[in-house]
Structure formats: structure tokens, C-alpha cells
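Remarks on the structure that follows.
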Amino acid sequence: MLDKTNILFRQSIVVRFSGDSGDGMQLAGNIFSNISAERGDQISTFPDYPAEVRAPQGSLNGVSGFQVHVGLGVHTPGDECDVLISMNPAALKQNAKFLKPNGVAIVDIDSFKKVDLEKALFKTDDPYKEIGLKAQVVEVPMTSMVKAALADSGMDFKSQMKCRNMFALGLVCWLFNTPIDGALHFLEHKFAKKPAVYEANAKVVRGGFDYGHNIHASVSTYRIETEDLRPGVYTDVNGNKATAWGLIMASEKSGRPLFLGSYPITPATDILHELAKRRDLGVKAIQMEDEIAGVCSAIGASFAGNLAVTSTSGPGLALKSEAIGLAVMAELPLVVIDVQRGGPSTGLPTKTEQTDLNQALYGRSGECPLVVLSALSPTDCFKMAFEAGRIALEHMTPVILLTDAFIANGSSAWRVPENDEYPEIKPNFVTEDMKGEWEPYMRNEELVRYWAIPGTEGFEHRVGGLEKDYETGVLSNNPENHARMVAARAQKVANVANHIPMLEVKSECDDADTIIVGWGGTYGHIYTAFEELNAAGKKVDFAQFRYINPLPKNTAEVLGKYKTVIVAELNNGQFANYLQGLNPSLNIKRINKVEGQPFLVHEIVEGVNKIMEGK
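Throughout the sequence shown, residue numbering follows our numbering, covering 671 to 1285 in sequence.
Okay, structure coming up:
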């Protein structure tokens, strides 16, 4: 064990893995995140990789990064990192801007030859000086060490180099005083059917960990503070996986089988992958031939009595719009997951934005209201996927759940919930005593249509995209009837506000006249900015919206108390415009970012300060 004087005790720490797209930085980062979460640390991760399948090796365009923030009070992946792992010059050049001046840069010096520097467009043979690197640099011959460790493995050089990320992982585990047992267990499970591959990777992890002990005289290690945890099973989970599991919970609690009709699209495809694994739980996950087929199959499954879901991203949501209108008209429960990415069109498939809000709210023909929700974090995707299923089933309406690439691919530590922590879901089914009197659009007191599963004797019926008579359910072109049906569909969605939580405000003072508002996956960054602003003496409150349409019932009352409402979002003001339209008297200011990247905390802090200072 290292001498205690070489250990720096920190509340939290940020490490960034960087290298070529094929260097396994995402895997190394995911394993470190997983073992940190399982021991009870709070984590927030940011996978950052290019859209290209494979850019030229060693080029700036091909750099892949994975940043993880570990410790207490962690809500974001961090604006800057304490430790940067760079597997080549391009990775260092692209990521040095994220490294704190007093941080540590660990580089694979074997990959810093002249030809490697030229690929990364360095003009001199001193890359550290050229980019103005002020951090401590630790040069580690990772390639040589891996080659030596696997000399007797029988693996060719290319296969050996696929293990290089595990050397970096072992070194990081040493640096953070983290036992490698968790990493070895992860690898053993991952390569259970390839024991030789497991042995090679395990050997390299141990090699990286042991190498760290040999450089302890020149590098301080870190130990992160911990806290007592609520009893339970902890793991790390990304937003897409949490979304899938939340839908499974909704299926369990409603007694309705889960059906997913989907078409692969970045960054939502992992929801399809995860649900396809769960046939043991009765999940039916079908990869359809296109986006329209995906949503139409889900509508058919909904009519047949399933908790029906389709998943997509912005371009796919546009293609699904007509069919979603059919679900609104037929008043069938449907969950649409939109994992937002940079747009428009193909845009930036692997990058994050919040630019689909208007499309979710208004992107259909006619007066076509539906429920729109958003998730705050990777773990919150579980709760909001469950909530989307609950609202869809209990209120007989399509629900669009907006997540985004940042929280879909990023991970947080998660305590796996017990089944009894979530309520039963009670769809508005027809009852036996309705036989003979029931019509397809008969409604309860909240205007929710009664659901008759096809095949139920005495409740034979049809629904469709043509307007129906309010009383009988037969086709109708009557103007007064159409107006009545439009109003009923709108009021049904508005009534959902009676069944969602009120808007909560976080406050650290009694007399703030400014509130920062956000929605969805910007929660961690805005909340951290709120904490920093109050610590600096600025009087601001904070609220984050999960429920977009309808809004919480107290929204106007809460926001109306403030002289200034600052809306921060990753678009050009879509939620700000929505709030302003519903509440014209609000003094709304905006902090917007549309770069395909999440907010940095300092961007929000600086934006709020400028607004409060009247600049």
C-alpha cells in the first residue's frame, strides 16, 4: 500500500480516457464507471465519440473520449478533468483543453513518434509545449508493456493492441486507489465464452495496476470520500438501458404485455437491443423495416391490448408523425421514445441537443394533442419511462418521452428499485356491466375512452383515423360533432395535469427574484450552476421540468413570483417560447446552446451573471 503522504483526498475526481475510435476508450471508461458505482460512488459519465465509422488512425477526426466524474455531490461529468489518459498525440491535442492546469496527463509515449505527431498535425517535436500544456505529464510505454506482457499469449500484434485500453484501466485503478477485482469480474463476465481473451485482458489490467506502483514516487494518487448509502443493490446504468427497464416495470405493474416496434437509429438503438434480450419477461421486441412500420406495428399491438412502444430519434419522429396522429384519433395508448440528437436531417447522429421539443408538441396535422414528458438524467429515464407507460395506459393517449444522446449514452450510479416501490397501473378497461350499452368512444368523468381488448365478447368494435360520432362511434362529418371531439381529446390530455406532481423549486434563500429553469437532460448542469451561483452570493432559485404537456398545475403561480425567469436549454429557445406563449406576462431571458454538446456549468453561471448584471 502506498504511503498516505502520497494520497490526495478529494470529494470528487474527473478522469477522461481518450484515443482512437478503435482503442476501446468507451469500454475502459464504462468498466471504471461500473466498479465505481457498484462500490457506492456517485458517478456521471459523458461518452464523446465521432459519427464516422472509423476515421484514419491517429487523425484528429477519429478521436473518441469517455469522461467520468466520481465522488460525492456529482451531477455532471465535469467541465474539466483532473486526469487525462491519451493513447496518441491526436487524443492529447483534442482533449488537452479539458485538463485542469494542475492535472495529470498520462500518455502512451510509444505512440508519440514523429509519424504519429504528423498525423495529429503537430508542427514540432514537442507536443506539450506546442499546445501549451501546463499539467504534469507522465509518459508510460503502454504499447511496449502490453506487447511484453502478452509475448507468450500466441496473439498477433493487432490483437495484443486491442488490450492496450486495459493497461490504461489498470493504471487508473491504481491512481484512484480502486481495487481491480471489479474490473476482472466485469471482464470475466464479458469474455465468458472466450477464456483466452479474458486471460490476456486480465493480465494487462494487472500489468497497468502494478506499473502504477513503480511510479508512485513521481505521481500522487487519489482517494475519494464516500458516504453511507441506502441499503440496496447498486450499479451503473445508462439512459437507454434505464428506459428499457422502466418500460418493463410499467408492463409488470399494468399486467399488459410489452411490445416494441422499432427501427435502428442512433442514439436510440440500444433500447431495442436491451428489450430484445427480455423474451423471458414476455417482451416482444421487433425490428421493423422502417420507422413508419415501427410505429404502425406498435399501434396495432396497442389495439390488441399491449403496452405498445416505439423508439426513435428526431428524423424518425418526423416520419412517424402521421401514424402518431392516428393513435391520437383512435385514442389508443402508445409510448414514443425520442432520444434527441443534433439535427436537422441526419445532422450530428452521435451528438446531443434538445431541438425536438417543438416537433413533439406540434409536429402533427390537425388539432392533435398528446402528452410530452422528459427525463432529467440516465437514472431518471427509468422513472419517466414507467411514467410514460402509466399515463398512456391510464389516460388512453400517446405519450412522447424526450431523452437525449447525453443522458441516453451517459451513466449514473443507480440503486436498483424493488418492485413494490412503484404503484400499480390501472388502465380504463370496459366492465362486464357495460355490455349492451358500451360504444367505442364512451368516456369516464375525465374523458378517458374505455378500453375494450379485441376478442372480448360483447365489445366488438372498430376505431380508425376518420372522425367518429361522440355518442355512437360511427363515422361522422358533422361540424358540431367534430368540434366536440376535438375539445374532448384536448381536455383529456389537459386532465392529465390532475395526476402529475406539482412543480418543485429548489431554493437556498428566502428572497430570490430570479429563477433558473430547464427541462430534461440539462438538470445536472443547471443544478450545479445554481449551487455555484448561490455559493457566490447570487440569489437565484431553480426548477427543472419533467412534465412538458400538460405542465404542472402550479407552473404559472410558481414562475409568476419571480421578476426574471431564465430558461437554459440546448436549442434556440423552444421551451422559453412555449412558456411565454402560455404565460405572456413572464419576463423570460434565455441561455441557449446548439453545438451538439451538453452545457458546461461555467457557461450557465456566466450566462446568469450577465443577465443579472443587465449586460
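Even for Gly, the Cβ is constructed at its ideal location relative to N, Cα and C.
- A819 is positioned such that its CB atom lies closer than 7 Å to that of V874.
- Boundaries of the beta strand (DSSP E) around V774: L769 to D778.
- The C-beta distance from S734 to Q696 rounds to 7 Å, short enough to meet the 8 Å contact threshold.
- Residue pairing from DSSP places I677 in a beta bridge opposite T891.
- With contacts defined as CB atoms closer than 7 Å, A707 and A1083 qualify as a contacting pair.
- Remark: C-beta atoms of Q1024 and L987 do not approach each other more closely than 7 Å.
- Shown here for I962: same chain residues with a beta carbon closer than 7 Å to its own, the five before and five after excluded, namely L989, K990 and A993 in chain order.
- With a minimum length of 4 residues, the unbroken runs of alpha helix (DSSP H) contained wholly in the region 994–1051 fall at 1027–1032.
- Out of N1262, F716 and I1095, the CA that lies nearest to the CA of E922 is found in I1095.
- The residues L1027 and N1028, in chain order, have a CB closer than 6 Å to that of Q1244 in the same chain once the five nearest residues on each side in sequence are set aside.
- With a cutoff of 7 Å on beta-carbon distance, I885 and N910 are scored as not near each other.
- By the C-beta density criterion, L791 is exposed, having fewer than 16 other C-beta atoms within 10 angstroms.
- In the displayed model, T980 falls within a strand according to three-state DSSP.
- Beta-bridge annotation (DSSP): Y1232 is not paired with any residue.
- Looking from the CA of D1211, the closest CA among P1220, K1233 and L1221 belongs to K1233.
- If you look at D786, you'll find it in the alpha helix (DSSP H) that goes K784 to K789.
- A check of alpha carbon separations from D1074 across G1191, T794 and D795 identifies G1191 as the nearest.
- In its chain, beyond the 5 residues on either side, T1225, A1226, L1229 and G1230 have a beta carbon closer than 8 Å to the beta carbon of N1253.
- In its chain, beyond the 5 residues on either side, Q681 and L742 have a beta carbon closer than 6 Å to the beta carbon of E895.
- A971 carries a helical assignment under DSSP once its states are collapsed to helix, strand and coil.
- Straight across, the Cα-Cα distance linking D711 with V953 is about 32 Å.
- Closest in alpha carbon position to T1101, among G689, T1126, S1081 and N700, is T1126.
- Per the DSSP secondary-structure output, F736 pairs in a beta bridge with F687 and P717.
- The beta carbon of E1115 sits closer than 7 Å to none of the beta carbons in its chain outside the five residues before and after it.
- Shown here for T980: same chain residues with a beta carbon closer than 6 Å to its own, the five before and five after excluded, namely G931, S932, G964, V965, A968 and V1006 in chain order.
- The region 792–835 is shown to contain whole alpha helix (DSSP H) runs of 4 or more residues at 797–800, 812–819 and 827–831, in chain order.
- Taken atom to atom, the span from the alpha-carbon of V738 to that of V998 is near 41 Å.
- Looking at the DSSP output, K954 shares a beta bridge with F929.
- In the DSSP secondary-structure assignment, A1213 is bridged to V1187.
- Annotated as proximal: V1275 and E1202, with beta-carbon spacing under 7 Å.
- Remark: three or more beta-carbon pairs, one from each stretch, lie closer than 8 Å, so the region 1179–1194 and the region 1235–1242 are flagged as touching.
- Where W915 is concerned, the enclosing alpha helix (DSSP H) starts and stops at G909 to S924.
- Comparing alpha carbon positions, the residue from F1099, G1284, P1068 and F1200 closest to P1220 is P1068.
- For S756, the enclosing beta strand (DSSP E) begins and ends at C751 to S756.
- Across the set M825, V842 and A912, the C-alpha of M825 shows the shortest separation from the C-alpha of E869.
- Between Y1111 and G1134, the C-beta gap is not smaller than 7 Å, which leaves the two residues out of contact.
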